[in-house]
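Single-structure report; data block below.
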(Lines of atoms letter the chains of each structure in order from A and count residues from 1; the text may use other names and numbers.)
(Lines give C-alpha, C1' and ligand atoms only; values in the text may rest on other atoms or scores of the structure.)
Protein backbone atom coordinates (compact mmCIF):
# COMPACT_ATOMS: atom_id res chain seq x y z
CA UNK A 1 0.00 0.00 0.00
CA UNK A 2 1.37 3.42 -0.98
CA UNK A 3 0.29 6.90 -0.04
CA UNK A 4 -0.06 9.62 -2.63
CA UNK A 5 -0.68 13.31 -2.20
CA UNK A 6 -3.84 14.77 -3.74
CA UNK A 7 -1.94 16.55 -6.53
CA UNK A 8 -4.97 18.42 -7.83
CA UNK A 9 -5.49 20.18 -4.49
CA UNK A 10 -1.77 20.86 -4.21
CA UNK A 11 -1.69 22.52 -7.65
CA UNK A 12 -4.67 24.73 -6.83
CA UNK A 13 -3.15 25.72 -3.50
CA UNK A 14 0.30 26.47 -4.91
CA UNK A 15 -1.31 28.59 -7.60
CA UNK A 16 -3.14 30.54 -4.88
CA UNK A 17 0.12 31.14 -3.01
CA UNK A 18 1.86 32.39 -6.15
CA UNK A 19 -1.02 34.77 -6.83
CA UNK A 20 -0.89 36.10 -3.28
CA UNK A 21 2.88 36.53 -3.42
CA UNK A 22 2.46 38.51 -6.62
CA UNK A 23 0.05 40.99 -5.10
CA UNK A 24 2.74 43.32 -3.74
CA UNK A 25 4.50 43.81 -7.05
CA UNK A 26 1.64 43.43 -9.50
CA UNK A 27 -0.85 45.78 -7.92
CA UNK A 28 -0.77 49.51 -8.50
CA UNK A 29 -0.47 51.87 -5.58
CA UNK A 30 -3.73 52.71 -3.81
CA UNK A 31 -4.67 55.37 -1.27
CA UNK A 32 -3.88 54.38 2.31
CA UNK A 33 -5.58 55.38 5.51
CA UNK A 34 -3.35 57.50 7.71
CA UNK A 35 -3.82 59.38 10.98
CA UNK A 36 -1.62 62.17 12.32
CA UNK A 37 -0.56 61.10 15.81
CA UNK A 38 2.32 63.29 17.01
CA UNK A 39 4.45 66.37 16.38
CA UNK A 40 7.32 68.04 18.20
CA UNK A 41 5.93 71.47 17.31
CA UNK A 42 3.54 73.74 19.16
CA UNK A 43 0.35 74.67 17.29
CA UNK A 44 -0.38 78.26 16.42
CA UNK A 45 -3.90 79.44 17.25
CA UNK A 46 -4.77 75.97 18.68
CA UNK A 47 -4.89 74.26 15.27
CA UNK A 48 -4.88 70.49 15.98
CA UNK A 49 -2.47 68.15 14.23
CA UNK A 50 -5.47 65.99 13.30
CA UNK A 51 -6.28 68.66 10.67
CA UNK A 52 -3.53 67.14 8.54
CA UNK A 53 -5.53 63.95 7.98
CA UNK A 54 -9.17 64.97 8.55
CA UNK A 55 -9.83 65.35 4.78
CA UNK A 56 -11.90 68.48 5.44
CA UNK A 57 -11.94 70.83 2.49
CA UNK A 58 -10.84 68.26 -0.09
CA UNK A 59 -12.67 68.57 -3.39
CA UNK A 60 -13.29 64.83 -3.70
CA UNK A 61 -13.62 61.80 -1.50
CA UNK A 62 -10.34 60.43 -0.17
CA UNK A 63 -11.12 56.72 0.17
CA UNK A 64 -8.57 54.09 1.15
CA UNK A 65 -8.17 51.51 -1.61
CA UNK A 66 -8.73 53.96 -4.46
CA UNK A 67 -6.16 53.69 -7.24
CA UNK A 68 -3.64 56.54 -6.83
CA UNK A 69 -3.41 57.42 -10.53
CA UNK A 70 -7.19 57.48 -10.82
CA UNK A 71 -7.46 59.70 -7.75
CA UNK A 72 -4.83 62.19 -8.90
CA UNK A 73 -6.49 62.39 -12.33
CA UNK A 74 -9.49 64.06 -10.62
CA UNK A 75 -7.18 66.94 -9.59
CA UNK A 76 -8.12 66.81 -5.89
CA UNK A 77 -7.74 70.21 -4.24
CA UNK A 78 -7.95 71.61 -0.71
CA UNK A 79 -10.21 74.62 -0.48
CA UNK A 80 -9.92 75.68 3.15
CA UNK A 81 -7.63 78.17 4.82
CA UNK A 82 -4.65 77.04 6.88
CA UNK A 83 -6.17 78.03 10.21
CA UNK A 84 -9.46 76.30 9.46
CA UNK A 85 -8.33 73.06 7.79
CA UNK A 86 -4.53 72.85 7.90
CA UNK A 87 -1.90 72.87 10.61
CA UNK A 88 0.12 75.91 11.61
CA UNK A 89 3.20 75.27 13.73
CA UNK A 90 4.67 78.03 15.86
CA UNK A 91 8.16 76.89 14.83
CA UNK A 92 9.77 77.06 11.38
CA UNK A 93 10.61 73.36 11.39
CA UNK A 94 9.40 70.17 12.98
CA UNK A 95 8.50 66.50 12.72
CA UNK A 96 5.06 65.07 12.05
CA UNK A 97 4.24 61.42 12.70
CA UNK A 98 1.48 59.36 11.09
CA UNK A 99 0.06 55.91 11.77
CA UNK A 100 -1.00 53.96 8.67
CA UNK A 101 -2.86 51.42 10.80
CA UNK A 102 -0.94 48.36 9.60
CA UNK A 103 2.28 47.40 7.86
CA UNK A 104 2.22 48.46 4.19
CA UNK A 105 4.61 49.02 1.34
CA UNK A 106 4.66 52.82 1.18
CA UNK A 107 5.21 54.23 -2.31
CA UNK A 108 3.95 57.84 -2.24
CA UNK A 109 3.32 60.72 0.12
CA UNK A 110 0.73 63.28 -0.99
CA UNK A 111 0.98 66.87 0.21
CA UNK A 112 -1.51 69.71 -0.06
CA UNK A 113 0.69 72.70 0.77
CA UNK A 114 -0.52 76.20 1.53
CA UNK A 115 -0.23 78.97 -1.09
CA UNK A 116 2.96 80.22 -2.71
CA UNK A 117 2.41 83.68 -1.22
CA UNK A 118 2.82 82.32 2.30
CA UNK A 119 6.46 82.40 3.38
CA UNK A 120 5.70 79.86 6.10
CA UNK A 121 4.53 77.19 3.61
CA UNK A 122 6.21 73.78 3.71
CA UNK A 123 9.52 73.81 1.83
CA UNK A 124 12.16 71.10 2.12
CA UNK A 125 11.18 67.90 3.87
CA UNK A 126 12.25 64.29 4.27
CA UNK A 127 10.21 61.14 4.82
CA UNK A 128 11.12 58.24 7.08
CA UNK A 129 9.25 55.00 7.73
CA UNK A 130 9.38 52.70 10.75
CA UNK A 131 7.68 49.69 12.28
CA UNK A 132 7.54 51.38 15.69
CA UNK A 133 5.92 54.65 16.71
CA UNK A 134 9.05 55.88 18.50
CA UNK A 135 11.13 55.65 15.28
CA UNK A 136 13.96 54.04 17.24
CA UNK A 137 14.81 52.33 13.96
CA UNK A 138 13.69 53.88 10.70
CA UNK A 139 14.54 54.16 7.02
CA UNK A 140 14.92 57.37 5.04
CA UNK A 141 12.76 56.92 1.92
CA UNK A 142 12.99 60.34 0.31
CA UNK A 143 14.00 64.00 0.49
CA UNK A 144 11.93 66.58 -1.39
CA UNK A 145 10.94 70.21 -1.77
CA UNK A 146 7.22 70.91 -1.78
CA UNK A 147 5.67 73.10 -4.45
CA UNK A 148 2.75 75.44 -3.87
CA UNK A 149 -0.35 76.72 -5.63
CA UNK A 150 -0.74 80.44 -6.22
CA UNK A 151 -4.08 80.58 -4.42
CA UNK A 152 -6.74 78.44 -2.76
CA UNK A 153 -7.88 75.86 -3.61
CA UNK A 154 -4.43 74.26 -3.49
CA UNK A 155 -3.50 71.24 -5.60
CA UNK A 156 -2.22 67.88 -4.44
CA UNK A 157 1.41 66.97 -5.05
CA UNK A 158 2.45 63.29 -4.95
CA UNK A 159 6.04 62.44 -4.00
CA UNK A 160 7.43 59.07 -5.05
CA UNK A 161 9.33 57.56 -2.13
CA UNK A 162 11.49 54.44 -2.12
CA UNK A 163 9.07 51.52 -1.75
CA UNK A 164 9.55 50.37 1.83
CA UNK A 165 7.65 48.30 4.38
CA UNK A 166 6.47 49.96 7.57
CA UNK A 167 3.54 51.25 9.58
CA UNK A 168 4.61 54.65 10.88
CA UNK A 169 5.66 57.60 8.71
CA UNK A 170 7.57 60.69 9.86
CA UNK A 171 7.71 63.88 7.83
CA UNK A 172 10.45 66.28 8.94
CA UNK A 173 10.03 69.65 7.28
CA UNK A 174 11.02 73.31 7.30
CA UNK A 175 9.20 76.40 6.11
CA UNK A 176 10.14 78.21 2.93
CA UNK A 177 11.36 81.19 4.90
CA UNK A 178 8.87 82.22 7.56
CA UNK A 179 9.15 81.82 11.32
CA UNK A 180 6.31 79.28 11.42
CA UNK A 181 5.38 76.24 9.32
CA UNK A 182 2.09 75.58 7.54
CA UNK A 183 0.63 72.93 5.30
CA UNK A 184 -2.89 71.70 4.71
CA UNK A 185 -3.28 67.96 4.29
CA UNK A 186 -1.25 64.76 4.00
CA UNK A 187 -2.15 61.53 2.24
CA UNK A 188 -0.39 58.26 1.52
CA UNK A 189 -0.35 55.58 -1.14
CA UNK A 190 1.18 52.16 -1.46
CA UNK A 191 0.37 48.48 -1.38
CA UNK A 192 -1.20 46.88 1.71
CA UNK A 193 0.62 43.71 2.71
CA UNK A 194 -1.38 40.55 1.86
CA UNK A 195 -0.24 38.83 5.04
CA UNK A 196 -3.58 37.38 6.08
CA UNK A 197 -4.28 36.07 2.59
CA UNK A 198 -0.81 34.53 2.38
CA UNK A 199 -1.23 32.79 5.73
CA UNK A 200 -4.53 31.37 4.56
CA UNK A 201 -2.95 30.05 1.37
CA UNK A 202 -0.08 28.46 3.29
CA UNK A 203 -2.60 26.85 5.64
CA UNK A 204 -4.37 25.36 2.62
CA UNK A 205 -1.06 24.05 1.34
CA UNK A 206 -0.43 22.32 4.64
CA UNK A 207 -3.87 20.78 4.53
CA UNK A 208 -3.22 19.55 1.00
CA UNK A 209 -0.05 17.76 2.02
CA UNK A 210 -1.79 16.21 5.00
CA UNK A 211 -4.69 15.07 2.88
CA UNK A 212 -3.58 11.78 1.41
CA UNK A 213 -5.55 9.06 -0.23
CA UNK A 214 -4.78 5.40 0.06
CA UNK A 215 -4.07 3.54 -3.18
CA UNK A 216 -4.12 -0.25 -3.09
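Residue numbers (the numbering used here): 1263 to 1478.
Glycine included, each C-beta is placed from N, C-alpha and C at the ideal position.
- [ ] Give, in chain order, every unbroken run of the alpha helix (DSSP H) that is at least 4 residues long and sits entirely within the segment 1304 to 1369.
- [x] 1330 to 1335 and 1344 to 1347
Task: Short Cβ contact (9 Å threshold) for residue 1293 with residue 1336 - done: no
- [ ] Going by CA-CA distance only, name the one from 1405, 1410, 1384 and 1445 that's closest to residue 1317.
- [x] 1445
Open item on the list: Distance check for residue 1309 and residue 1382, CA to CA, integer angstroms please.
Closed with: 15 Å
- [ ] Compare the beta carbon distance of residue 1372 and residue 1297 with 9 Å and say whether it is the shorter of the two.
- [x] no
TODO: Could you say which of 1344, 1364 and 1417 lies nearest to residue 1391 if we only look at CA atoms?
DONE: 1364
Task: DSSP-derived helix/strand/coil call for residue 1406 - done: strand
TODO: Measure the C-alpha to C-alpha separation of residue 1419 and residue 1443 and round it to an integer number of angstroms.
DONE: 18 Å
TODO: Inspect the beta-carbon positions of residue 1425 and residue 1397 and report whether they are closer than 9 Å.
DONE: no
- [ ] Using 10 angstroms around the beta-carbon of residue 1346, count the other beta-carbons present and answer buried if the total reaches 16, otherwise exposed.
- [x] exposed
Task: Residue from 1307, 1356 and 1374 with nearest C-alpha to residue 1408 - done: 1374
Task: Under 9 Å between C-beta atoms of residue 1369 and residue 1410 - done: no
Task: Opening and closing residue of the beta strand (DSSP E) in which residue 1439 lies - done: Note, residue 1439: premise wrong, no beta strand (DSSP E); not H, not E.
Open item on the list: Closest to residue 1354 by C-alpha separation, out of 1331, 1334 and 1303, would be which residue?
Closed with: 1303
- [ ] Could you tell me whether the Cβ atoms of residue 1327 and residue 1366 are closer together than 9 Å?
- [x] no
TODO: Compute the Euclidean distance between the alpha carbons of residue 1430 and residue 1456, then round it to the nearest angstrom.
DONE: 18 Å
- [ ] Mark residue 1331 as exposed unless 16 or more other C-beta atoms lie within 10 angstroms of its C-beta, in which case mark it buried.
- [x] exposed
- [ ] Over the uninterrupted beta strand (DSSP E) stretch that includes residue 1392, give me the two end residues.
- [x] 1384 to 1392
Task: Pairwise C-alpha distance: residue 1451 and residue 1283 - done: The predicted position of residue 1283 is uncertain, since its pLDDT is 49 and thus under 50; no value can be drawn from it.
Task: Of the residues 1395, 1423 and 1388, the one placed nearest residue 1434, counting alpha carbons only - done: 1388
- [ ] Could you please give the first and the last residue of the uninterrupted beta strand (DSSP E) stretch that includes residue 1376?
- [x] Residue 1376 -> no beta strand (DSSP E), and no H or E assigned at all.
Open item on the list: Tell me the residue span of the beta strand (DSSP E) that contains residue 1413.
Closed with: Per DSSP, residue 1413 belongs to no beta strand (DSSP E) and is neither H nor E.
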